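First the structure, in the form of structure tokens, and then the observations on it.
Residue numbers (my numbering): 26 to 270.
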């Protein structure tokens, strides 16, 4: 584990198997060695994506699900008017690409915000293994359920909270995700721009910047360029009425 106050660079983070969401797909409890070997044969790793490169685009055929190994990937959809709407930011150890399972076509776009590596599990091969390894199918359902839960929580944030509460919720969510990976929950780098944060939260770039400045004046956070230090975690939690603990 890294020291509590060491700021990490996502581009250099490579999630270990024990911290990666793929562990729940690759090595669920009770899975035999033969099944593990079968699964290892279908997992693929490609060359890392460079900043601005796409993992997939809307309309691309569904080939598999992906797990981020390092870096940061932004997922967004285009509105009918062609405007970008950010759906999520995926950190190391998180799964994406589930949007295409139903129609076998991606409805969203996934682009690297910095150099990012990933694993691919071809879904057709995974489905075949799930038929003979029920534990694996159970874990896949759990991951899909977690994604739906996260989406519902985000809809609640966008629909019920004011701008200040939205930004506070965003910072706490990012903090918790770092903590779950064994890194500092107080010091981290926000790779995404203020404009992208605003897009994701449904507020303007100016609003995000103004709230960051207000949080600094109130001694809740300190900000230096893209680096954030949470100084008063309790105050941040109070702003969102304890919804993100």
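We treat Cβ as the ideally placed atom computed from N, Cα and C, and that holds for glycine. None of these values were measured; they are calculated from a predicted model.
query	result
Coarse secondary structure for residue 220, derived from DSSP in three states	helix
Reduced DSSP secondary structure (H/G/I, E/B, other) of residue 198	helix
Straight-line gap, residue 16 to residue 239 (C-alpha atoms, nearest Å)	Residue numbering for the chain in the displayed model covers 26 to 270; residue 16 lies beyond these limits and cannot be assessed.
Reference residue 245; option with closest CA among 120, 258, 234	258
Inter-stretch contact at 8 Å, needing at least 3 Cβ pairs: the stretch 93–109 / the stretch 164–177	no
When 186, 136, 145 are compared against residue 78, the one with the closest alpha-carbon	136
Identity of the residues DSSP links to residue 93 by a beta bridge	143
Continuous beta strand (DSSP E) stretch holding residue 212: start and end	212–214
Residues sharing a beta bridge with residue 111, DSSP	101
Euclidean distance between Cα positions of residue 222 and residue 233	7 Å
Opposing strand residues paired with residue 69 [DSSP bridges]	145
Bridge partners - residue 86, DSSP secondary structure assignment	130
Simplified DSSP state of residue 208, which is helix, strand or coil	coil
Residue environment, residue 101, which counts as buried when at least 16 other CB atoms sit within 10 Å	buried
Burial state of residue 204 (16 or more Cβ within 10 Å)	exposed
Residue 62 versus residue 134 - alpha carbon distance	32 Å
Delimiting residues of the alpha helix (DSSP H) encompassing residue 173	159–185
Simplified DSSP assignment, three categories, for residue 248	strand
Cut-off 8 Å between Cβ atoms - residues of its own chain near residue 111, not counting five sequence neighbours on either side	99, 100, 101, 221, 224, 225
Start-to-end residues for the beta strand (DSSP E) that takes in residue 80	79–81
Beta-bridge partners of residue 253, as assigned by DSSP	213, 248
Selected residue, minimal CA-CA separation from residue 218, among 138, 159, 129	138
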